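Scroll down for the structure; my scribbles are underneath it.
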Amino acid sequence: MGDIGRWYERYFGLDYLRIYRLADTAAQLAFLQATLADGLGGRLLDLPCGHGRHAVELARWGWRVTGVDLSWPFLSTARQAAGANGLSLPLVRADMRAVPLADASFDVAICMFTSLGYFETVAENQRVLAEFARLVRAGGRLLLDLANIDYVRRQPGTSRWEKEGASVASRYHWDESTRRAVTRRHVIFSDGRVEDYQSSVRLFEGDEIGAMLTATGWEVEMVYGSYDRAPLGLEQPRRILLCRRSA
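Under my numbering, read the sequence shown as residues 2 to 248, first letter to last.
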């Protein structure tokens with residue numbers, strides 16, 4: 002991956018919030034509410050929490066949420082959103098592979114919107130799962146929301162949209178040899194500023210992610226193919242795994 006190995010440090014900033022379309026937030030929250038309802042009131046880790054679009058709402062419902070993210074702009078936005086809702090939301094800036102919180106601090110953890118796979122090697126990405134296992138108590142749960150690799154392989158290569166006066170041209174490429182989804186975005190802002198952004202996310206076959214979870218102390222209890230809890234299939238966009246922390 003070379004010079005884009007730490008692409009996420011630049012990609013997830015204030016411009017991301019301006020240009021990215023987050024149409025699935027309501028569906029994601031409804032999915033979380035239905036899937037995790039029996040644990041309401043417990044200690045929940047949102048990693049990475051981004052700008053708080055899930056964490057704030059989960060805290061409003063009664064979860065004791067802690068959000069962790071690497072992006073200062075995202076954490077600042079999440080803090081403002083929490084304050085606007087009268088919430089005191091603990092927020093921590095950290096790399097997903099090394100979170101400065103105590104072992105077994107949480108009953109549930111969520112990792113939403115294909116946030117596993119940012120790092121260059123499988124071993125580095127597996128470290129994230131091991132960190133979740135350290136942070137979640139024995140018997141606790143992890144909800145891991147990934148893109149379905151079979152669905153992603155067939156997606157169109159280009160798209161365009163406008164948001165808040167910015168014009169975005171997005172070009173997507175699937176690299177079968179590295180199993181990475183690479184997206185390049187050319188953005189022209191209303192003030193004439195031009196920026197180029199690139200992301201590169203490693204995706205996983207079912208048996209591969211299953212082995213990674215087992216190796217880090219997780220048991221897969223359920224797999225869904227969409228936020229409406231449909232079964233996993235070739236035409237479903239997501240691979241959402243509900244996992245239990247081994248005793």
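Glycine is no exception: its CB is placed at the ideal position from the N, C-alpha and C atoms.
Remember, predicted model here, so these are calculated numbers, not experimental data.
- Between valine 224 and the set Thr217, Leu23 and Gly234, the nearest pair of CA atoms involves Gly234.
- Here the C-alpha atom of alanine 231 lies approximately 43 Å from the C-alpha atom of aspartate 192.
- For threonine 122, no beta strand (DSSP E) run applies, since DSSP gives it neither H nor E.
- Secondary structure in the segment 25-94: the beta strand (DSSP E) runs of 3 residues or longer, each lying completely within the stretch, are 44-47, 65-70 and 92-94 in chain order.
- Relative to the Cα of alanine 79, the nearest Cα in the group Pro101, Ala85, Gly53 and Gln199 belongs to Gly53.
- When the Cα atoms are used, glutamate 222 and arginine 142 turn out to be separated by approximately 10 Å.
- Proline 74 has its alpha-carbon roughly 33 Å from the corresponding atom of glutamate 177.
- Excluding sequence positions up to five before and after aspartate 151, its CB lies within less than 8 Å of the CB of Leu235, all in the same chain and listed in chain order.
- At a Cβ-Cβ threshold of 8 Å, threonine 184 and aspartate 146 do not count as neighbours.
- If you compare the alpha carbons of Leu242, Ala83 and Leu59 with that of aspartate 208, the shortest gap goes to Leu242.
- Membership of methionine 213 in the alpha helix (DSSP H) is indicated by the continuous run 207-216.
- Contact annotation: valine 100 and glutamate 132 have beta-carbon atoms nearer than 8 Å.
- DSSP places tyrosine 198 in the uninterrupted beta strand (DSSP E) bounded by 195-203.
- In the three-state DSSP reduction, aspartate 146 falls in the strand class (E or B).
- Going by beta carbons, phenylalanine 13 and serine 89 fall outside the 8 Å limit.
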